[in-house]
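Structure first, then comments.
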Amino acid sequence: MNKTSIDGLKRKSTPVNSKKATKRSASNAFEAPTTRLEIKERAASSRIQEAKAVEKTINDDREQAIKDFFNEVKDVNPTDLTEVPKKERKKEKKKKQKKHKVLKRVIIIILILLLGAGIAVYAYFNDFVAKITDGGSLLGLIFSDPDTPLAKDEYGRTNVLIFGTEGYNMDDPNYDGGFLTDSMMLLSINQDNGDAKAISLPRDLKATRTCTSTSKFNEIYYCEYSKADMKSDDSKKEWEKKAAHKLSDAFEQVLGVSVQYRVHANWAAVIQIVEAIGGIDVVFTYGDQTWDGEETVIKTTSPKGLGDLNHRKKYNFEYPNGQAIHLDGTQALAVARTRNAYGGYGAGNGNFSREYFQQRIIEAIVSKARKKNLFGDLMAVMKIKDAIGDNIRTDFKDTEIKTLVKLGGTINFTALETISLFDTNDKPAPLMKTANINGISYVIPSAGVNSYGAIHTYIKRKFTAAPFTSENAQIVVLNATASNGIANKEKTELEDDGYIVSSIGNAPNDQSGFDGVRVFQKNAKLEKTAAALKDLYKVDLSSEIPESLANYEADFIVIIGNGYKHPK
Numbered sequence: 009m010n011k012t013s014i015d016g017l018k019r020k021s022t023p024v025n026s027k028k029a030t031k032r033s034a035s036n037a038f039e040a041p042t043t044r045l046e047i048k049e050r051a052a053s054s055r056i057q058e059a060k061a062v063e064k065t066i067n068d069d070r071e072q073a074i075k076d077f078f079n080e081v082k083d084v085n086p087t088d089l090t091e092v093p094k095k096e097r098k099k100e101k102k103k104k105q106k107k108h109k110v111l112k113r114v115i116i117i118i119l120i121l122l123l124g125a126g127i128a129v130y131a132y133f134n135d136f137v138a139k140i141t142d143g144g145s146l147l148g149l150i151f152s153d154p155d156t157p158l159a160k161d162e163y164g165r166t167n168v169l170i171f172g173t174e175g176y177n178m179d180d181p182n183y184d185g186g187f188l189t190d191s192m193m194l195l196s197i198n199q200d201n202g203d204a205k206a207i208s209l210p211r212d213l214k215a216t217r218t219c220t221s222t223s224k225f226n227e228i229y230y231c232e233y234s235k236a237d238m239k240s241d242d243s244k245k246e247w248e249k250k251a252a253h254k255l256s257d258a259f260e261q262v263l264g265v266s267v268q269y270r271v272h273a274n275w276a277a278v279i280q281i282v283e284a285i286g287g288i289d290v291v292f293t294y295g296d297q298t299w300d301g302e303e304t305v306i307k308t309t310s311p312k313g314l315g316d317l318n319h320r321k322k323y324n325f326e327y328p329n330g331q332a333i334h335l336d337g338t339q340a341l342a343v344a345r346t347r348n349a350y351g352g353y354g355a356g357n358g359n360f361s362r363e364y365f366q367q368r369i370i371e372a373i374v375s376k377a378r379k380k381n382l383f384g385d386l387m388a389v390m391k392i393k394d395a396i397g398d399n400i401r402t403d404f405k406d407t408e409i410k411t412l413v414k415l416g417g418t419i420n421f422t423a424l425e426t427i428s429l430f431d432t433n434d435k436p437a438p439l440m441k442t443a444n445i446n447g448i449s450y451v452i453p454s455a456g457v458n459s460y461g462a463i464h465t466y467i468k469r470k471f472t473a474a475p476f477t478s479e480n481a482q483i484v485v486l487n488a489t490a491s492n493g494i495a496n497k498e499k500t501e502l503e504d505d506g507y508i509v510s511s512i513g514n515a516p517n518d519q520s521g522f523d524g525v526r527v528f529q530k531n532a533k534l535e536k537t538a539a540a541l542k543d544l545y546k547v548d549l550s551s552e553i554p555e556s557l558a559n560y561e562a563d564f565i566v567i568i569g570n571g572y573k574h575p576k
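Under the working numbering, the first residue of the sequence shown carries the number 9, and numbering increases by one thereafter.
See the structure below:
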């Protein structure tokens with residue numbers, strides 16, 4: 009039966025014989041209370057256990073806190089725990105603040121100095137770039153593409169007019185110039201294969217008209233530049249450009265090619281650049297004399313060598329043939345300017361010799377600069393920069409300077425071809441000669457004053473650079489028709505194609521009355537020209553020379569028959 013508990017609640021009865029009840033009784037710490045006393049004892053025991061658990065928790069927490077405290081303070085210096093007086097704390101704080109201020113100021117000053125130095129360096133080199141280019145900038149140079157192509161002419165070449173005046177330091181306010189252009193050269197470069205050719209025009213070449221009574225080529229620049237207001241820098245810059253273009257226009261008239269760029273230098277640049285690279289090494293030779301060394305070879309016209317005994321004693325020199333000679337800046341300039349005008353030997357062709365010497369000196373400078381590790385010598389670089397900045401002006405763009413530097417590394421200046429208008433090495437006769445007009449000594453075209461047709465043809469042949477041009481084959485053109493002017497017309501066509509036509513005339517009777525064209529080859533060694541003529545005329549060349557043609561002095565004979573038209 010159910011019993012009622014002391015709190016008035018009914019207790020649920022558990023069967024005595026139940027297996028679950030027996031199992032639970034065995035697992036519990038206490039039996040279910042049955043009396044009031046048991047209930048009280050059980051409650052008291054429960055409270056004691058709870059109190060002990062709370063006490064253990066508190067003790068554990070206190071012990072852990074103590075451990076944590078000692079772990080934190082075990083490395084602390086006991087003296088640091090001493091309380092610092094308030095005044096000392098303020099003093100220490102001010103000292104730290106002062107140190108921070110000083111450090112901050114030092115950092116700011118360093119940053120300002122670095123910024124100022126950077127600006128100064130940029131301005132320094134920016135001014136240099138602006139001088140040697142047509143008003144360019146350092147940034148334009150830095151961010152330019154080294155593969156930017158230079159301007160080209162119709163033959164795919166880049167032609168640079170290089171001319172020199174006698175003045176020293178173009179930035180000097182007292183620079184009086186010596187504005188006569190005693191050195192004038194066209195440097196023609198093929199950017200694709202590095203081929204380079206140099207053509208000089210003599211200073212005494214008769215010009216169309218200048219501001220003087222003599223009207224010589226070396227006066228063209230001077231006459232134009234003298235129009236500037238010498239008190240105004242802007243005016244001088246403006247007329248310097250105009251004068252350079254005036255001179256390049258005259259070059260175009262004589263040579264028949266277009267000029268893309270202009271470089272104006274004065275002689276101080278030669279001295280300073282040669283000094284900066286440690287001098288140059290040359291050897292003088294005569295006649296068939298050869299030299300196997302690395303020195304730049306300069307041919308003279310005297311078996312004694314080269315000597316100049318002019319009135320300016322500081323430029324006097326005498327150098328023997330066949331010996332390696334080291335030249336400093338002043339000595340290199342003296343060689344570049346010699347023409348035996350005041351005595352001497354070895355420059356028997358006067359101005360023509362002088363122009364040749366100038367080309368060889370430039371070759372020697374380039375050769376030495378390429379051998380010397382200039383970028384490993386900061387002082388040499390700075391000297392060259394100063395020499396160029398003070399003494400050279402160009403109209404290259406800032407974006408083209410990297411291209412020039414890269415191109416300079418690909419051009420083989422030791423193989424630089426010097427084109428002469430005076431000798432007969434690859435032409436039947438000189439294209440220029442000396443003349444006396446009204447008591448004045450000039451150089452004029454062999455065809456006559458202002459007659460430049462033959463020069464144009466020759467230069468075009470040299471610039472087209474067809475393989476056969478290196479053989480310099482001489483061709484005779486004969487007319488086998490009844491019409492007049494056929495041979496002369498074909499001569500013009502062949503010369504435009506780069507061939508050399510030494511003479512024209514009428515064909516002998518046994519070589520007339522046929523259609524088309526005949527080509528006879530008298531010189532079997534000129535294979536390139538033979539192949540080119542065969543391709544041009546679409547005929548087989550005959551090596552069997554008829555008796556009627558045997559006396560013609562030529563490598564090839566071209567006979568024009570009826571109905572022939574030159575292929576276009």
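Think of the CB as a built atom: it goes at the ideal place given N, C-alpha and C, for glycine as much as any other residue.
Computed from a predicted structure; not experimentally measured.
| What does a CB cutoff of less than 6 Å around P210 pick up in its chain, not counting 5 residues either side in sequence? | Locating residue 210 in the sequence shown gives position 202, where the first residue counts as 1. These residues qualify, in order along the chain: N359 and V451.
| task | On a CA-only basis, which of G521, S550, A562 and K533 is nearest N570? Give me that one, please. | result | On the sequence shown, residue 570 is found 562 positions in, with the first residue counted as 1. It is G521 whose Cα lies nearest to the Cα of N570.
| field | Own chain, CB closer than 8 Å to D504, minus 5 neighbours either side, in chain order | value | In the sequence shown, counting from the first residue as 1, residue 504 sits at position 496. Hits under 8 Å: T465 and K468.
| If you run the structure through DSSP and keep just helix, strand and coil, what is L549? | For the purposes of this step, residue 549 is identified with residue 541 of the sequence shown, where counting begins at 1. Three-state result, L549: coil.
| request: Classify D523 as helix, strand or coil using the three-state DSSP reduction. | output: For this step, residue 523 is matched to residue 515 along the sequence shown. Strand at D523.
| Apart from the five residues just before and just after A236, which ones in its own chain have a Cβ nearer than 8 Å to its Cβ? | Translated into positions along the sequence shown, residue 236 becomes position 228. S243, K244, E246, W247 and E248.
| field | Beta-carbon gap between F6 and S196 smaller than 8 Å | value | With the chain covering only 9 through 576, there is no way to say anything about residue 6.
| said: For a test of the three-state rule: what should DSSP assign to Y364, helix, strand or coil? | reply: Walking along the sequence shown from the start, residue 364 turns up at place 356. Y364: helix per DSSP, three-state reduction.
| said: Closer than 8 Å is the cut-off here; do at least three beta carbon pairs connect the stretch 277–295 with the stretch 322–332? | reply: yes
| request: Assess, as a yes-or-no matter, whether the stretch 251–271 is touched by the stretch 336–353 under the definition of 3 or more beta carbon pairs within less than 8 Å. | output: no
| query | So who's on the other strand from A372, going by DSSP bridges? | reply | As a first step, residue 372 must be located in the sequence shown, where it is residue number 364. Beta-bridge pairing links A372 to no other residue.
| request: Could you pull out every residue in the same chain whose Cβ sits closer than 7 Å to the Cβ of K499, ignoring the five residues on either side in sequence? | output: Looking up residue 499 in the sequence shown gives position 491. If we look at K499 and ignore the five residues flanking it on each side, its Cβ neighbours are V485, V509 and I512.
| task | Starting from the Cα of K312, find the closest Cα among P575, S240 and Q297 and give me that residue. | result | Against the sequence shown, residue 312 aligns to sequence position 304. Out of P575, S240 and Q297, Q297 has the C-alpha closest to the C-alpha of K312.
| message | Please list the terminal residues of the continuous beta strand (DSSP E) segment that includes D442. | response | Translated into positions along the sequence shown, residue 442 becomes position 434. First, the amino acid is wrong: residue 442 is Thr here, not Asp. Counting along the chain, the beta strand (DSSP E) containing T442 begins and ends at M440 to I445.
| Thinking C-beta only, is Q529 closer than 8 Å to S556? | On the sequence shown, residue 556 is found 548 positions in, with the first residue counted as 1. On the sequence shown, residue 529 is found 521 positions in, with the first residue counted as 1. No, the pair does not count as a contact, with Cβ atoms beyond the cut-off.
| query | DSSP state of P475, grouped into three classes? | reply | Mapped onto the sequence shown, residue 475 falls at position 467. If DSSP states are grouped into helix, strand and coil, P475 belongs with the helices.
| message | If you measure between the beta carbons of E227 and K254, is that distance less than 8 Å? | response | In the sequence shown, the residue the question calls residue 227 occupies position 219. In the sequence shown, the residue the question calls residue 254 occupies position 246. Against a cut-off of 8 Å, the Cβ pair of K254 and E227 comes out as no contact.
| task | Give the DSSP-derived three-state secondary structure of I288 in the structure shown. | result | Reading the sequence shown from its first residue, position 280 is the one you call residue 288. I288 falls in the strand class under three-state DSSP.
| task | Consult DSSP for S54 and reduce its assignment to one of helix, strand or coil. | result | Taking the first residue of the sequence shown as position 1, residue 54 is located at position 46. For S54, the secondary structure class from DSSP, reduced to helix, strand or coil, is helix.
| Contact set for K441: own chain, Cβ-Cβ below 6 Å, skip 5 residues either direction | Within the sequence shown, residue 441 is the residue found at index 433, counting from 1. Result list for K441: S454, in chain order.
| For I419, the three-state DSSP class (helix, strand or coil) | Numbered from 1 along the sequence shown, position 411 holds the residue referred to as residue 419. Here I419 sits in coil by DSSP.
| query | In this structure, does DSSP put E205 in helix, strand or coil? | reply | Counting from one through the sequence shown, the residue named residue 205 turns up at place 197. Just to set this straight, residue 205 is Lys in the shown sequence, not Glu. Strand at K205.
| query | How is the alpha helix (DSSP H) around V262 delimited, first residue to last? | reply | Counting from one through the sequence shown, the residue named residue 262 turns up at place 254. Segment D241 to L263, the alpha helix (DSSP H) holding V262.
| message | Pop quiz: G315 and Y327 are said to be a contact at Cβ under 8 Å. What is the actual Cβ separation, rounded to whole angstroms? | response | As a working mapping, residue 315 is identified with position 307 in the sequence shown. As a working mapping, residue 327 is identified with position 319 in the sequence shown. Sure, about 7 Å apart at Cβ, within 8 Å.
| query | Quick one: what does DSSP say V305 is sitting in, helix, strand or coil? | reply | Taking the first residue of the sequence shown as position 1, residue 305 is located at position 297. Strand.
| Based on Cα-Cα distance, which residue from I553, D406, V114 and E162 lies nearest to N198? | Mapped onto the sequence shown, residue 198 falls at position 190. Measuring from the Cα of N198, the nearest candidate turns out to be E162.
| query | Expressed to the nearest angstrom, what Euclidean distance is found between the alpha-carbon atoms of A474 and K205? | reply | If you number the sequence shown from 1, residue 474 lands on position 466. If you number the sequence shown from 1, residue 205 lands on position 197. Approximately 14 Å, taken between the alpha carbons.
| request: May I ask you to report which of helix, strand or coil DSSP gives A532? | output: If you number the sequence shown from 1, residue 532 lands on position 524. Here A532 sits in coil by DSSP.
| said: At the level of alpha carbons, what is the spacing between T426 and I207? | reply: As a working note, residue 426 is residue 418 in the sequence shown. As a working note, residue 207 is residue 199 in the sequence shown. In this structure, the CA atom of T426 is about 6 Å from the CA atom of I207.
| task | Give me the Cα-Cα distance between N177 and T218, rounded to the nearest whole angstrom. | result | Numbered from 1 along the sequence shown, position 169 holds the residue referred to as residue 177. Numbered from 1 along the sequence shown, position 210 holds the residue referred to as residue 218. Confidence in N177 is poor, its pLDDT being 47 and thus under 50, which makes the residue's placement too unreliable to answer from.
| Under a three-way DSSP split, which group does Q482 fall into? | Residue numbering aside, residue 482 sits at position 474 when the sequence shown is read from its first letter. Strand at Q482.
| query | How would you label G144, buried or exposed, when you count the other beta carbons within 10 angstroms and need 16 or more for buried? | reply | In the sequence shown, counting from the first residue as 1, residue 144 sits at position 136. Within 10 angstroms of the beta-carbon of G144 lie 16 or more other beta-carbons, which makes it buried.
| request: Mark L386 as exposed unless 16 or more other C-beta atoms lie within 10 angstroms of its C-beta, in which case mark it buried. | output: The residue given as residue 386 occupies position 378 in the sequence shown. Low per-residue confidence applies at L386: pLDDT is 48, beneath 50, and the placement is therefore not dependable enough to give any value.
| message | Between the alpha carbons of K542 and D563, how many angstroms are there, rounded? | response | Translated into positions along the sequence shown, residue 542 becomes position 534. Translated into positions along the sequence shown, residue 563 becomes position 555. In a straight line, the C-alpha of K542 is about 14 Å away from that of D563.
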